[in-house]
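A.B. asks: One point on numbering: in the working numbering, the residue at position 289 of the sequence shown is 600, and numbering is uninterrupted.
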Amino acid sequence: MTQIVVGIDTPTGVLINGEVRAASDGGTFEVTDPATAQVLATVANGTLDDAAACVDSAEAAADGWAATSPRERSGILMKAFDLMIEREQQIAELIVRENGKALSDALGEVRYAAEFFRWYAEEAVRVRGEIQTAPSGANRIMVIHQPIGISLLITPWNFPAAMATRKIGPALAAGCTVILKPASETPLTALAVGAILAEAGVPDGVVNVLPSRRSGAVADQILHDPRVRKLSFTGSTEVGRRLLRTAADRVISCSMELGGNAPFVVLDDADLDKAVAGAMLAKMRNGGEACTAANRIYVQRPIAEEFAARLARAMEALTVGPGLDVGTEVGPLINDDAITKIEELVADATARGARILTGGEKAQGSGYFYPPTVLADVDGDSQILGEEIFGPVAPVVVFDTDEEAIERANATEYGLVSYVFTTDLSRGLRVSEALDSGMVGLNRGVVSDAAAPFGGTKQSGLGREGGHEGLLEYAESKYVAVDW
Ligand code: NAP
């Protein structure tokens, strides 16, 4: 089951045991292009029977895959990296069509996504155990890491390629078979990644892809199947909580990458050019639709006015348009609900006294466009500081002391990432240590790196993706007490 999208034959079925097929009941759902609000493709709507077939397929392939040599798994992942880079333009265009982001952002995503295949190709052959003499001297303590087993991977729409490879790479490297349930807004990219893995030599059944609008029901069924041992989820905290409750029924191991509400702290000694450039990256990568997006910009009083003015000029200069148009830097948002939410947040902030320095009004016409917006003098109680904006709006808040910045930055249920800008390294490190988040960008607006442990504290999640830690999320540590 395929359709021509961006000029290429794109899989549109469920991928089970190496075969792309229609849903068991023939049902489909539509994928929309956010730049035009028109239907882009029709995709199989996976059923509960398809979900069961995915688990059967992952189980049939599990022993064989776990028994392959690390070198063989590494070679296949490296080939997948090469294929993704070779086809980066094609995959990027597919991302633009179903997600909306600008082509430059999409190309950045494909390269970032491919890095997880390369990094875990390198890590697959470096899974070290441990051995030591027991403190009593009576025996040896040996620890090995074995594949955890069949893993359910659920991904969001905002990074349709990278969130898939960030899970598939380590799972395959560890020797696990997987079922990937992509977001219904962006299933085409996930299916294209599945096809690349098959071409790279991943055996049938090792990677299954289950597009489905029945996300709750299929996840529920798969997580209650006793053959399934792992859930790795990236998405909203609300859905994450629900999945944790479901996973509790069978005490399934969970890695959860959830929502964020990143503070971006600019101290009064910061290099303003660098801080504005960092804020542009942290706020506007992916048009603001990122869990790592700077959501609250705290600027120390002496430089606040100047910083906000410079940020507004940089935001105003961005070109908004359909993601594939030459020169576009900011594409449309994912759907109409996203626009409505942003309009509400901006209205609440301005009602509490915020000044709009640029943007602030939805564009007319078709497609889900919202202009880059900067709000100054944002009141501390504004809704926009308490929720993920997930769009191109930057609220600027003034603070006086470092302690106040830390306290405000930490006053959230989220703890994914924080950013700090200063020219005083010891001050920057002191603030970084005090920030309650899993990651900190110190004089950097981007933290994502396949080689680094990505993840949050508090209600931003559990576990880490990327780095060596990311592979261990798909391994069970086994301790053998040895007497020789
Ligand atoms: P979402 O609504 O939570 O959906 C994420 C995934 O969960 C989709 O595949 C969705 O499928 C599925 N889903 C929805 N309801 C479900 C249920 N009851 N049971 C099982 N699965 C269910 O999130 P989103 O809107 O796609 O993504 C935006 C969110 O992701 C933001 O909160 C963002 O911060 C977070 N995010 C976090 C990270 C991170 O690394 N921490 C990275 C990227 C994004 P359907 O599409 O079919 O509903």
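All residues carry an ideal CB built from backbone N, CA and C; glycine is no exception.
Which runs of the alpha helix (DSSP H), 4 residues or longer, sit entirely within the region 421-491?
C.D. replies: Those alpha helix (DSSP H) runs which fall completely within the region 421-491 and span 4+ residues are 473-485.
A.B. asks: Could you name the residues that DSSP lists as bridge partners for ASN519?
C.D. replies: Answer is ILE490, bridged to ASN519.
A.B. asks: Start and end of the alpha helix (DSSP H) containing LEU592?
C.D. replies: Segment 583-595, the alpha helix (DSSP H) holding LEU592.
A.B. asks: Give every residue of the same chain whose Cβ lies closer than 6 Å to the Cβ of ASN328, excluding the five residues on either side of it in the sequence, and list them in chain order.
C.D. replies: Taken in chain order, the residues that qualify are SER368, ASP515 and GLY516.
A.B. asks: Return the chain-ordered list of same chain residues with a C-beta closer than 6 Å to the C-beta of GLU599, the five sequence neighbours on each side being excluded.
C.D. replies: Looking at the sequence shown, residue 599 is not Glu but Gly. So the list reads GLY702 and PRO703, once near-sequence residues are dropped.
A.B. asks: Quick one: does the C-beta of PRO598 sit closer than 7 Å to a heavy atom of the ligand NAP?
C.D. replies: Per the sequence shown, the amino acid found at residue 598 is Gly instead of Pro. No, the Cβ of GLY598 stays beyond 7 Å of every heavy atom of the ligand NAP.
A.B. asks: What residue from GLU655, ARG596, SER385 and GLN349 has the CA that sits closest to ARG755's CA?
C.D. replies: Out of GLU655, ARG596, SER385 and GLN349, ARG596 has the C-alpha closest to the C-alpha of ARG755.
A.B. asks: Does the separation of the CB atoms of ALA665 and ASP688 fall below 8 Å?
C.D. replies: Going by C-beta atoms, ALA665 is nearer than 8 Å to ASP688.
A.B. asks: Answer with buried or exposed for LYS789, where buried requires no fewer than 16 other C-beta atoms within 10 angstroms of its C-beta.
C.D. replies: Per the 10 Å Cβ criterion, exposed.
A.B. asks: Since ILE507 and CYS487 should fall inside the 8 Å C-beta cutoff, what is the C-beta to C-beta distance between them, to a whole number of angstroms?
C.D. replies: Contact flag wrong, Cβ pair sits at about 18 Å.
A.B. asks: Out of THR466, GLY411, ALA558 and VAL436, which has the shortest C-alpha to C-alpha gap to ALA649?
C.D. replies: It is GLY411.
A.B. asks: Going by the C-beta, is LEU554 closer than 7 Å to any heavy atom of the ligand NAP?
C.D. replies: Result yes, Cβ under 7 Å from the ligand NAP.
A.B. asks: Residue range of the beta strand (DSSP E) that SER385 falls in?
C.D. replies: Careful: SER385 lies outside any beta strand (DSSP E), inside the alpha helix (DSSP H) at 381-397.
A.B. asks: For the candidate residues ASP690, LEU696, VAL709 and MET474, whose alpha-carbon lies nearest to that of GLU616?
C.D. replies: Closest option to GLU616, Cα to Cα, is VAL709.
A.B. asks: Going by Cα to Cα distance, which pick from GLY386, TYR431 and ASN519 is closest to VAL331?
C.D. replies: Among GLY386, TYR431 and ASN519, the Cα nearest to that of VAL331 is on ASN519.
A.B. asks: Do VAL366 and VAL539 have their CB atoms nearer than 8 Å?
C.D. replies: Contact: yes.
A.B. asks: Under 8 Å, do ILE717 and ALA745 count as touching if we go by C-beta distance?
C.D. replies: Yes, the Cβ-Cβ distance between ILE717 and ALA745 is below 8 Å.
A.B. asks: In whole angstroms, what is the alpha-carbon distance linking GLY505 and GLU780?
C.D. replies: If you take the alpha carbons of GLY505 and GLU780, they lie about 24 Å apart.
A.B. asks: Is PRO613 helix, strand or coil when you go by DSSP?
C.D. replies: Helix at PRO613.
A.B. asks: Can you find the residues in the same chain that come closer than 7 Å, C-beta to C-beta, to ALA720, ignoring five residues on each side of it along the sequence?
C.D. replies: Within the same chain, ALA720 has close Cβ partners PRO574, VAL576, TYR609, SER729 and LEU746.
A.B. asks: Residues in its own chain within less than 8 Å of ARG451 by CB, not counting five upstream and five downstream?
C.D. replies: Here the set comprises ILE442, GLN443, THR444, ALA445, ALA792, VAL793, ASP794 and TRP795.
A.B. asks: Applying the 10 Å Cβ sphere with the 16-neighbour rule, what's the burial state of ASP320?
C.D. replies: Classification of ASP320: exposed, given that the 10 Å Cβ count is below 16.
A.B. asks: Considering only residues of the same chain and omitting the five flanking positions on each side of GLU370, which have a CB-CB separation below 7 Å?
C.D. replies: If we look at GLU370 and ignore the five residues flanking it on each side, its Cβ neighbours are ILE461 and ARG538.
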